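Trainee:
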Amino acid sequence: MREEKQIAFLFFTDILNFRNKFTLNSLKNIFQISLLISNFQKMSLKNFRTTGNGLFLNGGVKSTGADPDEEDVLNPRQDEIDRFNSSIHVESGKRVFSYFWKVTDMEYKLKSWGPRRSLRSPSFYIFEYGYMMYMRLFPRQNGQNVYTHVGLTKGDYDEALEWPFILKHRVSILDQASPPFQDIVSRVWDPKILCSGWNWKRPVTGDNHECVGLGFPTEDLRGQSFLREDSVLIKLTVFLD
């Protein structure tokens, strides 16, 4: 990064020095301008790379050419996601597993999907050699409500695990505005008393039927900052202790 700044500084210094000596009738000066521009273009190709998200210095600083105040603002939950997604950590003195699921194109799903159409999350293990779970989102269940369900699916280590599944868990829809956050949060669900034993037994061929996790009116999703860039963030917390 220091080298790129020095190169750019030297280039613009050359331009300023040259401007003081410039005369319109001098072919020699016109040639020198062309040479300076050519050198700067070569420096640009060497020290910059382009991506679909803008222009980057090879040192990693992003520039889109727009006003800095108009640059994309990092999602206020991104640090939380980066730190805790698919990880075990401690909350209130107890070990928990957290999984974050980002669902995109929500406006289309909320307006156009049928009342029983759903979207399944990727499968995930909640600890090493542990249970494999998934979530399922119904954007327009009954045409008026959003539901997120939680379920078990067949994993590679099921034979060594204890059954039925008894770990308590909680589902949250994350507020994507500035803190303090006001998430939509379910109660802490206890598999021993929630749904039926069939939902929490060892999966045989694939997914067990999911059990309810969190439901709320569609208007609540639009009422605050739960939708950001047409996406919603869903968090599952599994209590391991």
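For the sequence shown, counting from 1, position 79 maps to 79 in the UniProt record's numbering; every step adds exactly one. Note that beta-carbon positions come from the ideal geometry of N, C-alpha and C, so glycine has one too. Remember, it's a predicted structure, so these values are computed and weren't measured experimentally.
(1) Classify V150 as buried or exposed, calling it buried when 16 or more other Cβ atoms lie within 10 Å of its own Cβ.
(2) Can the beta-carbon of G155 be found less than 7 Å from the beta-carbon of M132?
(3) So for W101, helix, strand or coil by DSSP?
(4) Could you tell me the alpha carbon to alpha carbon distance between L152 and S118, rounded to whole angstroms?
(5) Whole angstroms is fine: what's the gap from N145's alpha carbon to T218's?
(6) Of all the options V185, N208, K235 and Y157, which has the alpha carbon lying nearest to the alpha carbon of C195?
(7) To the nearest angstrom, report how far apart E80 and L174 are at their CA atoms.
(8) Between the segment 164-174 and the segment 184-201, do three or more beta carbon pairs fall short of 8 Å?
(9) By alpha-carbon positions, which one of S112, R83 and R95 ends up nearest to F239?
(10) Taking buried to mean at least 16 other C-beta atoms within 10 Å of its own C-beta, is I193 buried or exposed?
(11) Taking the alpha-carbon positions, what's the W198 to R120 distance?
(12) What is the rounded straight-line gap between the Cα of E162 and the Cα of F100?
(13) Within the same chain, show all residues whose beta-carbon is closer than 6 Å to that of Y125, passing over the 5 residues directly before and after it, in chain order.
(14) Applying the 10 Å Cβ sphere with the 16-neighbour rule, what's the burial state of I37?
(15) How long is the line joining the alpha carbons of N85 and S98, rounded to whole angstroms?
Mentor: By the coordinates alone:
(1) buried
(2) yes
(3) strand
(4) 16 Å
(5) 5 Å
(6) N208
(7) 11 Å
(8) yes
(9) R95
(10) exposed
(11) 19 Å
(12) 25 Å
(13) M132
(14) At I37 the pLDDT is 44, less than 50, meaning the model places this residue with poor confidence; the figure from the coordinates comes in the next sentence. Exposed, by the Cβ-count rule.
(15) 6 Å
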